[in-house]
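**Student:** End of the sequence shown sits at 384 in our numbering; the numbers just go up one at a time, nothing left out.
All C-beta atoms, glycine included, are put in the ideal place defined by N, C-alpha and C.
Everything numeric in this text was worked out from a predicted model, so none of it was measured.
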Amino acid sequence: MPIELGSGPAPEVGVKRDANYIFYELTRSICPSCRRVIDAKILLRDNKVYMSKRCPNCGPFEALVYGDAQAYTNFSKFNKPGTIPLAFGTEIKDGCPHDCGLCPDHQQHACLGIIEVNSACNMDCPLCFADAKPGFSLTLEEVEAMLDDYVRTEGNPEVIQFSGGEPTIHPQIIDFVRAAHARRIPFVMVNTNGKRIAHDDRFLEQLAEVRPSLYFQFDGFDSETYRIIRSEPDLLEEKLRALDRLAAVGLNVTLVPAIERGVNDHEIGRIIDLAIGHPAIRGINFQPAFHAGRHMQHNPMRRMTIPDIVRLIEEQTGGKFVASDFIPVPCCFPTCNSVTYAFLDGEKVTPLSRIVNVYDYLDYITNR
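1. Does the Cβ-Cβ distance between residue 80 and residue 321 come in under 8 Å?
2. Looking only at C-alpha atoms, which of 328, 174, 251, 365 sits nearest to residue 278?
3. On the DSSP letters alone, give me the boundaries of the beta strand (DSSP E) that residue 298 sits inside.
4. Counting only the same chain and skipping the five closest in sequence on each side, list residues whose C-beta sits under 8 Å from that of residue 349.
5. Just to confirm, are residue 173 and residue 201 a CB contact at a threshold of 8 Å?
6. With which residues is residue 320 paired in a DSSP beta bridge?
7. Exposed or buried, which one is residue 122 when buried takes at least 16 other CB atoms within 10 Å?
8. Does residue 166 come out as helix, strand or coil in the three-state DSSP assignment?
9. For residue 30 and residue 37, what's the separation of their Cα atoms in angstroms?
10. Of the choices 116, 241, 267, 289, whose alpha-carbon is the least far from that of residue 220?
11. Run the CB neighbour count on residue 232, radius 10 Å, all protein chains shown included, and call it buried at 16 or more, exposed below.
12. Indicate the three-state DSSP secondary structure (helix, strand or coil) for residue 57 in the structure shown.
13. Is it buried or exposed, residue 306, if we count other Cβ atoms within 10 angstroms and call 16 or more buried?
14. Give the C-beta separation of residue 180 and residue 247 to the nearest angstrom, bearing in mind that I take them to be a contact with Cβ-Cβ under 8 Å.
15. Starting from residue 233, trace the beta strand (DSSP E) both ways and give me its first and last residue.
16. Where do the N-terminal and C-terminal ends of the beta strand (DSSP E) with residue 79 fall, by residue?
17. According to DSSP, what are the bridge partners of residue 344?
18. Mind the definition here: the stretch 370-377 touches the stretch 149-164 only if three or more C-beta pairs lie below 8 Å; say whether that holds.
19. With C-beta atoms as the reference, is residue 234 less than 8 Å away from residue 265?
20. Does residue 43 pass the burial test, meaning 16 or more other C-beta atoms within 10 Å, or should it be called exposed?
21. Under three-state DSSP, which class holds residue 284?
22. Can you confirm whether the stretch 106-123 touches the stretch 208-222 when touching is taken to mean that 3 or more C-beta pairs between the two stretches lie within less than 8 Å?
23. Under the three-state reduction of DSSP, which class applies to residue 336: helix, strand or coil?
24. Identify the continuous beta strand (DSSP E) that holds residue 431 and give its terminal residues.
25. Could you tell me whether the stretch 284-293 touches the stretch 41-55, using the rule of 3 or more Cβ pairs below 8 Å?
26. Around the Cβ of residue 371, are there at least 16 other Cβ atoms within 10 angstroms (buried) or fewer (exposed)?
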């Protein structure tokens with residue numbers, strides 16, 4: 017009996033297709049629901065960087081982590097070997113992130129020391145990374161022990177920041193600043209919303225005596241911005257008063273706007289203009305809103321990221337600053353920060369990157 021092969025129409029052959037993303041690297045993360053430590057994939061898609069992960073209990077999750085995939089991959093050339101601290105605070109027992117403190121598995125020293133001196137605050141912001149509320153308040157002895165430990169692990173630490181809560185309402189904050197100076201830490205910062213500075217003359221005099229730098233919450237100019245982010249629509253006048261009072265006693269300020277997409281991202285250029293013209297302001301640290309602690313409802317696929325802020329700076333400053341003026345800082349990791357410096361001559365602004373080749377000076381900011 018003859019057997020014919022291939023008679024009739026040929027079966028349809030499946031057509032392979034490419035994925036709509038590039039797998040870039042594997043990392044570890046946590047489940048945003050149950051907080052279990054799980055594997056996560058870093059994916060590049062549509063020139064953005066996403067984290068994709070699956071929890072065996074809660075299912076799949078995906079979130080935007082960086083708004084410019086090309087910059088994310090290019091910035092790897094800025095990475096440097098981590099600096100090992102002189103001592104470690106914890107032992108390796110349960111693995112990252114459970115042993116953090118720093119443990120011997122940590123890949124970098126403490127680039128910035130932060131001591132949260134209290135949990136109380138004189139505001140009740142809907143957006144609060146620290147979820148500030150009445151609770152603990154450190155003593156001078158506790159802070160001094162922490163400073164000594166910081167010096168022990170870092171040797172010659174360059175910067176310490178006192179945070180909270182609202183550290184300016186701690187009754188011993190001036191003593192804390194003095195304690196940091198006594199340990200020869202050259203750059204001492206106090207995080208603040210500016211409320212006490214705006215009204216308390218004696219406290220302003222004390223600040224002028226110990227001369228910290230102020231890390232100053234300033235989210236914009238619109239009353240709607242402050243209503244949404246801080247629940248106080250009339251904050252602007254008080255903040256400007258505090259800035260003027262700090263200028264009058266010669267103290268330096270770094271503005272710290274928390275930028276929330278669709279809320280105050282249109283105010284970035286105006287904040288920069290204020291900084292250029294105000295005698296107290298020496299810098300700005302734009303922080304993409306960090307949805308931890310106390311925060312508003314958000315879509316993790318539309319969160320604000322550093323490249324988004326750099327793009328908005330270029331758009332809203334009319335060329336005063338452009339994306340190519342910014343470079344990543346290796347400590348703690350190149351995609352954690354982007355920075356530029358500028359010379360000011362009256363209202364003329366010249367980014368440092370247009371005067372010198374910043375790549376010749378990268379070793380100056382390595383792991384600092």
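**Tutor:** Quick answer:
1. yes
2. 328
3. 297-300
4. 95, 124
5. yes
6. Paired residues: none, contrary to the question.
7. buried
8. helix
9. 21 Å
10. 267
11. buried
12. strand
13. exposed
14. The pair is not a contact, with the Cβ atoms about 18 Å apart (cut-off 8 Å).
15. 229-233
16. 75-82
17. 354
18. no
19. no
20. exposed
21. helix
22. no
23. coil
24. Because residue 431 is not part of the residues shown, which for the chain are 17 to 384, the question remains open.
25. no
26. exposed
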